[in-house]
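Engineer:
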Amino acid sequence: MLFVSGCTGYFLASVVNIHLTDKLGFGKVVLLGGVLQALGYSIMCPGPPFPVLCIAYSLSGFGISLQCAQANTFIAHLPNGTSAKMGLLHASGGLGAFIAPLIATQFSQLPRWSFHYLTSLSIALLNALVLLFVFKLRRLHEVIGAPEPNANTSQSEESKYKDIFRSRAVQMVALFVWLTVGWIVTFVIEVRSGGASAGYISSGFFGGLMLGRVALLPINKKVGERRVIYIYCFLAIGLELVVWLVPDIIGNALAVCLVGLLLGPMFPVAMNTTSNIVPRRILTGSIGWIASFGQVGSAVFPFMTGALAQKYGVKVLQPMLVGTLTAHIVLWAIVPSGPQRRSD
């Protein structure tokens, strides 16, 4: 149910992000996301009744999704070094995901496990202050020093929504991003009897994810971002087969870390590709939709796999992960290649 609650917040943010950005601007929307995230954590800290906890997850999910959309939009509009900066942005997210299970594992041994949200709350409050201090509630063009958009040539909000949701390229990239979430830690706990060590294996996965978004940048550039995704997917499928078929907790842990390394560049590369193939007039809304929709996947996909595992057994999870990586290859082949963005 917590996954559903988080998904509700993610999805609502993915829909209203375009409207909020047009009305309030980048600086106010990204700060709103930071404040809502902190508010959600503050409700979680005392360990409230379960219905209240679900509401808190929705608030936090809404805030995270808004920030994710705005951060990706900001990087996509920077004039130089977009690929490297996008990789660094998502590597920072990987760093947080790497540290979080290590901290949560320690709190899980305490009577008041919910106090681990105090760590998240502290970081969220600091994040909100930094967002306010750095961006000062300004619109995107003011932050990056670009000319103010011409009001006479601006699209109506309704027209933007239509163009974004009718764009096959946008929806294919959105689905590609949606599929990037796996269910590896659950598999380790339930099938390989990983127990408490699964938290450390999860950190290994996200550590690989963080490293892949930085260390593989030279390979991405040399091979080409489009071609390299196919290579990473095929290698990740091979490693998933190792996790699936080899009953060894140490071997599985190593394979999981390497899968994280290979999956790391996929989200940043998808964002870079979007900035090249989507018309500039809908780029902000498209990036926001794709990033927010990806956050929806982070909630929906575990819920779906968990439901299937309850009905058919946990052994269905690894075949699903292999199938998901195969779907990545198919979707990536459908996404248009080459610059198609117009300057309007």
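Note that numbering that gives the first Met the number 0 has the sequence shown beginning at 0, numbered continuously upward. From the three backbone atoms N, C-alpha and C, an ideal C-beta is built for every residue, glycine too.
1. Residue 88 and residue 70 look like a contact to me (Cβ under 8 Å); what is the Cβ gap, rounded to whole Å?
2. Measure the C-alpha to C-alpha separation of residue 56 and residue 206 and round it to an integer number of angstroms.
3. Under 8 Å by Cβ, that's how I've got residue 179 and residue 293 pegged, so tell me the actual separation to the nearest angstrom.
4. Can you tell me where the alpha helix (DSSP H) holding residue 251 begins and where it ends?
5. Should residue 25 be labelled buried (16 or more other beta-carbon atoms within 10 Å of its own) or exposed?
6. Considering only the beta carbon of each residue, do residue 307 and residue 299 sit closer than 8 Å?
7. Does the beta-carbon distance from residue 35 to residue 10 come in below 8 Å?
8. Do the segment 105-114 and the segment 37-46 touch if we need at least three Cβ pairs shorter than 8 Å?
9. Taking the alpha helix (DSSP H) that residue 50 falls in, what are its first and last residues?
10. Ignore the nearest five residues each way along the sequence and tell me which others in residue 330's own chain have a CB closer than 6 Å to its CB.
11. Measuring straight from C-alpha to C-alpha, what distance separates residue 76 and residue 143?
12. Give the DSSP-derived three-state secondary structure of residue 138 in the structure shown.
13. In terms of alpha-carbon separation, which member of 100, 167, 121 lies closest to residue 200?
14. Taking its Cβ as the centre, do 16 or more other Cβ atoms sit within 10 Å of residue 12, making it buried, or is it exposed?
15. Compare the C-alpha of residue 21 against each of 129, 105, 59, 160 and name the closest.
16. How far does the alpha helix (DSSP H) with residue 81 in it extend, from its first residue to its last?
17. Taking a contact to mean a Cβ-Cβ separation below 8 Å, would you say residue 285 touches residue 304 in this structure?
18. According to DSSP, simplified to helix, strand and coil, what is residue 336?
19. Between which two residues does the alpha helix (DSSP H) holding residue 273 run?
20. For residue 281, I'd like the list of residues in its chain whose CB is within less than 7 Å of its CB, leaving aside the five on either flank, ordered along the chain.
21. Just mark residue 239 as buried or exposed, buried being the case when its beta carbon has 16 or more other beta carbons within 10 Å.
22. Roughly how far, in whole angstroms, is the beta-carbon of residue 139 from the beta-carbon of residue 73, given that I think they are within contact range, below 8 Å?
23. Just to confirm before moving on: does the CB-CB distance between residue 334 and residue 68 stay below 8 Å?
24. Which residue's Cα is closest to the Cα of residue 1: 58, 264, 121?
25. How close, in whole Å, do the beta carbons of residue 265 and residue 231 come, if the pair is a contact with beta carbons under 8 Å?
26. DSSP on residue 245, reduced to helix/strand/coil?
27. Check for me: the alpha helix (DSSP H) holding residue 37 runs from which residue to which?
28. If I follow the unbroken alpha helix (DSSP H) through residue 314, where does it start and stop?
29. Start and end of the alpha helix (DSSP H) containing residue 218?
30. If distances are taken between C-alpha atoms only, which option among 278, 270, 295, 120 comes closest to residue 84?
31. Which residue wins for smallest C-alpha separation from residue 288, given the options 136, 38, 66?
32. Drop a sphere of 10 angstroms on the beta-carbon of residue 109, count the other beta-carbons inside from all chains shown, and report buried for 16 or more, exposed for fewer.
33. If we count the other Cβ atoms within 10 Å of its Cβ and call it buried at 16 or more, is residue 127 buried or exposed?
Structural biologist: Considering the structure as presented:
1. Translated into positions along the sequence shown, residue 88 becomes position 89. Translated into positions along the sequence shown, residue 70 becomes position 71. Going by Cβ atoms, the distance from residue 88 to residue 70 rounds to 6 Å, so yes, they are a contact pair.
2. Position 57 of the sequence shown, counted from the start, is the residue given in the question as residue 56. Position 207 of the sequence shown, counted from the start, is the residue given in the question as residue 206. Taking the straight line joining both Cα atoms gives about 25 Å.
3. Here residue 179 refers to the residue found at position 180 when the sequence shown is read from its first residue. Here residue 293 refers to the residue found at position 294 when the sequence shown is read from its first residue. Right, their Cβ atoms sit about 7 Å apart.
4. As a first step, residue 251 is located in the sequence shown; it is residue number 252 there, counting from the start. Looking at the DSSP string, the run of the alpha helix (DSSP H) that includes residue 251 is 248-262.
5. To locate residue 25, count along the sequence shown from 1; it is residue 26. By the 10 Å Cβ count, residue 25 comes out buried.
6. The residue labelled residue 307 in the question sits at position 308 within the sequence shown. The residue labelled residue 299 in the question sits at position 300 within the sequence shown. Not in contact: residue 307 and residue 299 (Cβ atoms no closer than 8 Å).
7. Here residue 35 is taken as the residue at index 36 of the sequence shown, counted from 1. Here residue 10 is taken as the residue at index 11 of the sequence shown, counted from 1. Contact: no.
8. yes
9. Taking the sequence shown and counting its residues from 1, one reaches residue 50 at position 51. Element bounds for residue 50: 49-75.
10. Residue 330 sits at position 331 when you count from the first residue of the sequence shown. Hits under 6 Å: 171, 174, 175.
11. Working through the sequence shown from its first residue, we reach residue 76 at position 77. Working through the sequence shown from its first residue, we reach residue 143 at position 144. One C-alpha to the other measures close to 8 Å.
12. As a first step, residue 138 must be located in the sequence shown, where it is residue number 139. Looking at residue 138 - three-state DSSP - the assignment turns out to be coil, as it is neither helix nor strand.
13. By one-based count along the sequence shown, residue 200 stands at place 201. The shortest C-alpha separation from residue 200 is found at 100.
14. As a working note, residue 12 is residue 13 in the sequence shown. The residue is buried, with at least 16 neighbouring Cβ atoms inside 10 Å.
15. Sequence index remark: in the sequence shown, residue 21 carries index 22 (1-based). The option with the nearest alpha carbon to residue 21 is 160.
16. Residue numbering aside, residue 81 sits at position 82 when the sequence shown is read from its first letter. Start and end: 81-106.
17. The residue you call residue 285 lines up with position 286 of the sequence shown. The residue you call residue 304 lines up with position 305 of the sequence shown. No.
18. Your numbering for residue 336 matches position 337 in the sequence shown. Reduced to three states, the DSSP call for residue 336 is coil.
19. Numbered from its first residue, the sequence shown carries residue 273 at position 274. That run of the alpha helix (DSSP H) goes 265-276.
20. Locating residue 281 in the sequence shown gives position 282, where the first residue counts as 1. Contacts found: 159, 162, 163.
21. Residue numbering aside, residue 239 sits at position 240 when the sequence shown is read from its first letter. With 16 or more Cβ atoms within 10 Å of its Cβ, residue 239 is classed as buried.
22. Here residue 139 is taken as the residue at index 140 of the sequence shown, counted from 1. Here residue 73 is taken as the residue at index 74 of the sequence shown, counted from 1. About 7 Å; that satisfies the 8 Å criterion.
23. What you label residue 334 is simply residue 335 of the sequence shown in a count that begins at 1. What you label residue 68 is simply residue 69 of the sequence shown in a count that begins at 1. Not a contact, by the Cβ cut-off of 8 Å.
24. Counting from one through the sequence shown, the residue named residue 1 turns up at place 2. Answer by Cα proximity: 58.
25. Counting from one through the sequence shown, the residue named residue 265 turns up at place 266. Counting from one through the sequence shown, the residue named residue 231 turns up at place 232. Right, the Cβ-Cβ distance comes to about 7 Å (below 8 Å), so this counts as a contact.
26. Walking along the sequence shown from the start, residue 245 turns up at place 246. Of the three classes helix, strand and coil, the one that applies to residue 245 here is coil, per DSSP.
27. Mapped onto the sequence shown, residue 37 falls at position 38. Here the alpha helix (DSSP H) through residue 37 covers 25-43.
28. Counting from 1 along the sequence shown, the entry for residue 314 is found at position 315. Looking at the DSSP string, residue 314 is not in any alpha helix (DSSP H), and its letter there is neither H nor E.
29. Position 219 of the sequence shown, counted from the first residue, corresponds to residue 218. Residue 218 -> alpha helix (DSSP H) spans 216-222.
30. As a working note, residue 84 is residue 85 in the sequence shown. Comparing Cα positions, the closest option is 270.
31. Counted from its first residue, the sequence shown places residue 288 at position 289. That would be 66, whose Cα lies nearest to the Cα of residue 288.
32. Taking the sequence shown and counting its residues from 1, the one referred to as residue 109 is at position 110. Classification for residue 109: exposed.
33. Counting from one through the sequence shown, the residue named residue 127 turns up at place 128. So residue 127 counts as buried.
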